[in-house]
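Number of protein chains: 2
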Amino acid sequence: MLGRLNHVAIAVPDLGAAVARYRDTLGASVSAPQALPEHGVTVVFVELENTKTELLEPLGETSPIAAFLERNPSGGIHHMCYEVDDIIAARDRLKAQGVRVLGDGEPKTGAHGNPVLFLHPKDFDGTLIELEEVPAR
Amino acid sequence: MLGRLNHVAIAVPDLGAAVARYRDTLGASVSAPQALPEHGVTVVFVELENTKTELLEPLGETSPIAAFLERNPSGGIHHMCYEVDDIIAARDRLKAQGVRVLGDGEPKTGAHGNPVLFLHPKDFDGTLIELEEVPAR
């Protein structure tokens, strides 16, 4: 069921400083910042050969990463996103096995414009997992 | 400088249970467990199309992930490993920019048999970064 690792998301308190570290210190290829007010974050993509690291800074008053940064003021790895080809089939399979799907269980449109769901970290060794439906390439 | 994302490592308190979750619940392809006593872990590779998730369980009395699991008893994402083609050049570039390389700064042989170094998480937004020298493919 699990396809590619789409990205690893890191919550950061200062996006400009994080961009400098990845671009200048680590020598990675880094996108321009994109404000995604409907998702409560500004995001920068660190483009790797095989996947992406996403740097997320809170945007607005109700950012979904604000509480995480309160607990982890220096930042930290927030979630891992795996691709699936059918998110409804994936959700139904997981729910049938007792996995807790966050929210109301209905996919939302994620930051890349695709349907996404998040799975409860307590069901996966403390790891917040995002599933993203990505059309076959 | 940064090449591929080689793996994301997740520390887990119960490897058998974690394997069942990734293999049976998430439907991923999972390797047999490998005991690596010289690294203080038993590891299982979750094989994805483009990279790997590694599940790490402590092995022995001085496991490098024991303290992490004491702080995070349910487990959690422990580190991200990026490939570089010359780990000495990478280390020297990073040190010249003030990055703290863990240990004595000399590469050790990692779990895949390649030279590795770890960078201080306080220098990268709370993210423990492993660099692994991987010969050109």
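Residue numbers (UniProt numbering), protein chains in the order written: chain W, 1 to 137; chain U, 1 to 137. Ideal Cβ placement from N, Cα and C applies to all residues, glycine included.
With a threshold of 16 other beta carbon atoms within 10 Å, Ile65/W meets it and is buried.
Going by DSSP, Gly76/W is part of the beta strand (DSSP E) stretching over Gly76 to Val84. Within chain W, the residues placing a beta-carbon under 8 Å from that of Gln97/U are Asp24 and Thr25, ordered along the chain. Shown here, Leu15/W sits in a helix according to DSSP, grouped into three states. When Cβ-Cβ separations below 8 Å define contact, Leu2/W makes contact with chain U. Residues of the region 78-92 of chain U with a Cβ closer than 8 Å to any Cβ of chain W, in chain order: Met80 and Tyr82.
With at least 16 other beta carbons inside 10 angstroms of its own, Asp125/W counts as buried. With respect to the 8 Å criterion, Gly76/U and Pro58/U are not classified as neighbours on the basis of their beta carbons. The beta carbon of Ile65/W does not come within 8 Å of any beta carbon belonging to chain U, so the residue lies off that interface. With respect to chain U, the C-beta atom of Arg21/W has a partner C-beta closer than 8 Å.
Inclusion of Pro115/W and Glu133/W in the CB contact set at 8 Å is warranted, their separation being smaller than that value.
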